[in-house]
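**Student:** Before we start, here is the structure in question, set down as C-alpha cells.
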Amino acid sequence: MFKRLIDILFALSMVILLLPIILIVAILVRVKLGSPILFSQQRPGLNGKIFRMYKFRSMTDERDESGALLPDKVRLTKFGSFLRSSSLDELPGLWNILKGDMSLVGPRPLLVEYLEFYTEREQLRHSLRPGLTGLAQVSGRNNLAWDERLEIDVEYVQNQSFLLDLKILYLTFIKVIKKEDVVVVPSSKFGKLSDERSKNNNA
C-alpha cells in the first residue's frame, strides 16, 4: 500500500512538472514520425495479468513490398534514437503508473511471448508490479545477457524495500543524465529471449 501511494504521488508530480516537455515531445513525434503519437503494446504485469503499456513512438511504419514491417534498426530514426537514449520515450509510462498497471520501480515488463520461456524462479518477477525502471536497468540494462538480467529481477523481488527503490531511482537519474548502458535497439544486442531459449531447447 505504501509503495502504491508513493507511485501515485510521484507520477502525479512528474506529470505536472514535466507537462511542457511531454507536450513538446508529443508535437515533435507528430511532426517527425506522424500518427499515432503513442506506441502501445500488451505486456504481462502483476501476476502475469496482461495490460497495455504506452511509450512515445520512436520508429517509422516503413514496410517491405509484402507489407511486412522492416527491421527495427531500419525504422528507427535519429530522432527516435534520441528519444530512447534520453528515456523521453518512457514518459507515457507515468499514465500506466497512475492506472495501477506499473510501479516506479520493479522488473521491466517484457514481451508476452516470453511468458512460456521463464523458469519457475524467473516467474517470481511477476509477483510485483512491473517498473518504469528496475534493478536490472541500473545494473547494465540491455547490455546484460538474458539469464543475468532475469536473475537480477528475481533478486529485486526478494529484497524489495523503500531504501532499495530510492537507490534505484537515484542511479536511474544518473544513468539517464550520462546516457550509460544505452542500447537503442535492444534486440540487436542479445536477440529475443524466446529465440534464444527455443534454440537451446532444440539443441
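Residues in the sequence shown are numbered consecutively from 1, following UniProt numbering.
Ideal placement from N, C-alpha and C gives every residue a C-beta, glycine not left out.
Quick caveat: nothing in here was measured; it's all calculated off a predicted structure.
(1) Rounding to the nearest angstrom, what Cα-Cα distance links D195 and A68 in this structure?
(2) My guess is that L46 and R129 are in contact by the Cβ rule of under 8 Å, so how many angstroms apart are they, rounded?
(3) Is the Cβ of V176 closer than 9 Å to any Cβ of chain C?
(4) Using 10 angstroms around the beta-carbon of Q137, count the other beta-carbons present and answer buried if the total reaches 16, otherwise exposed.
(5) Answer yes or no: do E62 and R75 have a C-beta to C-beta separation smaller than 9 Å?
(6) Who are V105's beta bridge partners in DSSP?
(7) Along the chain, where does the alpha helix (DSSP H) that runs through P20 open and close?
(8) Comparing alpha-carbon positions, which option in R57, I168 and L135 lies nearest F82?
(9) Please say whether V15 and L98 have beta carbons closer to each other than 9 Å?
(10) Measuring CA to CA, which of K178, G48 and L23 is closest to L38?
(11) Measure the beta-carbon distance from L94 to A11 and round it to whole angstroms, keeping in mind my assumption that it falls under 8 Å.
(12) Once DSSP output is grouped into helix, strand and coil, what is the label at S188?
(13) Taking 8 Å as the limit between beta carbons, can you name the residues of its chain near residue 204, skipping five residues before and five after?
**Tutor:** On the basis of the coordinates in this document:
(1) Within the sequence shown, residue 195 is the residue found at index 195, counting from 1. Within the sequence shown, residue 68 is the residue found at index 68, counting from 1. C-alpha separation (whole angstroms): 19 Å.
(2) In the sequence shown, residue 46 corresponds to position 46, counting from 1. In the sequence shown, residue 129 corresponds to position 129, counting from 1. The Cβ separation is near 5 Å, so the contact holds.
(3) This model lacks chain C altogether; it includes just one protein chain.
(4) Locating residue 137 in the sequence shown gives position 137, counting from the first residue. Burial call: buried.
(5) Residue numbering aside, residue 62 sits at position 62 when the sequence shown is read from its first letter. Residue numbering aside, residue 75 sits at position 75 when the sequence shown is read from its first letter. Going by C-beta atoms, E62 is nearer than 9 Å to R75.
(6) Your numbering for residue 105 matches position 105 in the sequence shown. Answer is T133.
(7) Residue numbering aside, residue 20 sits at position 20 when the sequence shown is read from its first letter. Note, P20: alpha helix (DSSP H), F2 to L33.
(8) Counting from 1 along the sequence shown, the entry for residue 82 is found at position 82. Looking at the Cα atoms, R57 is the closest of the given residues.
(9) Against the sequence shown, residue 98 aligns to sequence position 98. Against the sequence shown, residue 15 aligns to sequence position 15. Yes, the Cβ-Cβ distance between L98 and V15 is below 9 Å.
(10) Counted from its first residue, the sequence shown places residue 38 at position 38. With distances taken between Cα atoms, L38 lies closest to L23.
(11) Walking along the sequence shown from the start, residue 94 turns up at place 94. Walking along the sequence shown from the start, residue 11 turns up at place 11. That belief holds up - the Cβ atoms of L94 and A11 are roughly 5 Å apart, short of 8 Å.
(12) Reading the sequence shown from its first residue, position 188 is the one you call residue 188. Summary for S188: the model assigns pLDDT 46, below 50, so the residue's position carries little reliability; its value from the coordinates is reported in the next sentence. In this structure, S188 counts as helix in the three-state DSSP scheme.
(13) Nothing about residue 204 can be reported from this structure: the residues present for the chain run from 1 to 203 only.
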